[in-house]
Amino acid sequence: MSTQTIDSFSAFASLNRFFALIETTKPTIQQAEDAAALLCRIYGANSEEVLLQRGDPELIEIYKEIKNKILKAAM
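Counting from 1, one number per residue, gives the positions in the sequence shown under full-length UniProt numbering.
Next up, the structure:
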């Protein structure tokens, strides 16, 4: 298994825990920002900037939808 695959899997597991958390409690802004960063790692990007530069409109749309859900949970 490659390092990128392991990192993506780890990010997915952590993001899954975040979504379980928001079902019972309101996350902090920091927790939401960390979860958004994990979302980038799931897509194999080190940052949002790198992810958006890939130019895949469908991927970008899905990313933005999930990111908005993450950030709204903390507001």
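For every residue, glycine included, the Cβ atom is placed at its ideal position computed from N, Cα and C.
With 16 as the cutoff for other CB atoms within 10 Å, does proline 57 come out buried or exposed?
exposed
Classify isoleucine 29: buried if its beta carbon has 16 or more other beta carbons within 10 angstroms, exposed otherwise.
exposed
Spatial distance of aspartate 34 from phenylalanine 18 (CA atoms)
9 angstroms
Beta-carbon within less than 8 angstroms of aspartate 7's beta-carbon, same chain only, minus the 5 sequence neighbours each way: which residues are those?
Arg41
On the three-state DSSP scale, how would you describe serine 47?
coil
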